[in-house]
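Read left to right, the sequence shown gives residues 6 to 254 (the working numbering).
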Amino acid sequence: MSARRRALLGGAAVLLLSACAAPGPAALPEARAEGPLPEPGEGQLWRLDPARSQLQVLAFRQGALAGLGHNHVLTAPRLQGWLQLPAQAQDPLQLNAAQLARSRFALALRLDELQLDEPAQRARLGPGFASVPGAEAIAATRANLLGESMLEAARFPWLRVQSVELLGEGATVLAEIELDWHGRQQRWRLPLALSLEPSSGSGGQVLRVQGQMALRLTDFGIRPLSLLGGMLAVQDGIGVNLDLALRPR
């Protein structure tokens, strides 16, 4: 392959996360301006600590020329959220079914604050993320991701999650959630694992909530880009890793 053709294909790889927003019957006319739901005034409130919390979004390459592109990881440095438990709950790891049914949570992030392909994040994700995109490629990919051809971050600045129903017992929870993204609302099931750890410095404890889920871009009106007849493309499915730290109010 000539150096010029390789350079052109490499430039095309920068656009892997670009896509077209496809309107559908579930689309809302405008995104709400607010972030997460207002904090409840009753019950036990645990607030999210963004410095100790992490949300990762993983996007994957595909096609015969996938080796010319990169898998990508996005992170939210200023994730917002809270968890409300019943006032009588003694231990967040020993909630019974009735107490879980009266619990709820909310998360939110601003799309224009997303960070793309930080080296430390890629290094922790293993061989599939071993390649290192250049600074110009990262900047171009992020601009395409947030622009009018894909996420329309100026019009739909927030991604929000709120619980609809919490099932399970103890430290193992199955959450039904509503995800509001790109003007559409979809429901998913999200398994969660809860644990407690000491809080460094200030005393007390931190409640850690961890989970993983898979989403499809097309469910939110986003068509993954396919170049060169599908030889270079981004997969419809994306992965989400949650590792949240919450402190009692």
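Ideal placement from N, C-alpha and C gives every residue a C-beta, glycine not left out.
Note that the coordinates shown come from a computational prediction; the quantities given were computed from them, not determined experimentally.
What do you get for V169, buried or exposed, if any count of 16 or more other CB atoms within 10 angstroms of its CB means buried?
Here residue 169 is taken as the residue at index 164 of the sequence shown, counted from 1. V169 should be labelled exposed.
Q85 and L112: beta carbons closer than 9 Å?
Along the sequence shown, read from residue 1 onward, the residue named residue 85 stands at position 80. Along the sequence shown, read from residue 1 onward, the residue named residue 112 stands at position 107. Cβ atoms of Q85 and L112: closer than 9 Å.
Between the C-alpha atoms of A31 and W186, what's the straight-line distance to the nearest angstrom?
For this step, residue 31 is matched to residue 26 along the sequence shown. For this step, residue 186 is matched to residue 181 along the sequence shown. Unreliable placement is indicated for A31, whose pLDDT of 34 sits below 50; no coordinate value is reported for it.
State the Cα-Cα distance for the pair V137 and G74, rounded to the nearest angstrom.
For this step, residue 137 is matched to residue 132 along the sequence shown. For this step, residue 74 is matched to residue 69 along the sequence shown. Looking at the two C-alpha atoms, the distance is approximately 10 Å.
So L195 packs on A180, CB below 8 Å; how close in whole Å?
Looking up residue 195 in the sequence shown gives position 190. Looking up residue 180 in the sequence shown gives position 175. Right, the Cβ-Cβ distance comes to about 5 Å (below 8 Å), so this counts as a contact.
Count Cβ pairs between the segment 114-131 and the segment 204-223 that sit closer than 8 Å; are there 3 or more?
no
What did DSSP end up calling P34 once you bin it into helix, strand or coil?
Sequence index remark: in the sequence shown, residue 34 carries index 29 (1-based). Residue placement at P34 cannot be trusted, given a pLDDT of 35 that sits under 50; what the coordinates show is reported in the next sentence. P34 falls in the coil class under three-state DSSP.
Please determine if the segment 138-158 and the segment 92-108 are in contact, where contact requires at least 3 C-beta pairs separated by less than 8 Å.
no
Classify L199 as buried or exposed, calling it buried when 16 or more other Cβ atoms lie within 10 Å of its own Cβ.
For the purposes of this step, residue 199 is identified with residue 194 of the sequence shown, where counting begins at 1. Using a 10 angstroms sphere on the CB of L199, the tally of other CB atoms reaches 16 or more, which defines it as buried.
Anticipated Cβ contact below 8 Å, M155 with W193, distance rounded:
Within the sequence shown, numbered from 1, the residue matching residue 155 stands at position 150. Within the sequence shown, numbered from 1, the residue matching residue 193 stands at position 188. With a Cβ gap of about 21 Å, M155 and W193 do not count as contacting.
Would you mind stating whether G40 and R213 have Cβ atoms separated by less than 9 Å?
Translated into the one-based positions of the sequence shown, residue 40 becomes position 35. Translated into the one-based positions of the sequence shown, residue 213 becomes position 208. The answer is no: Cβ separation not under 9 Å.
Buried versus exposed call for D122 [16 or more other C-beta atoms within 10 Å across all chains shown]:
Start at 1 with the first residue of the sequence shown, and residue 122 comes out as number 117. Buried, because 16 or more other Cβ atoms sit within 10 Å of the Cβ of D122.
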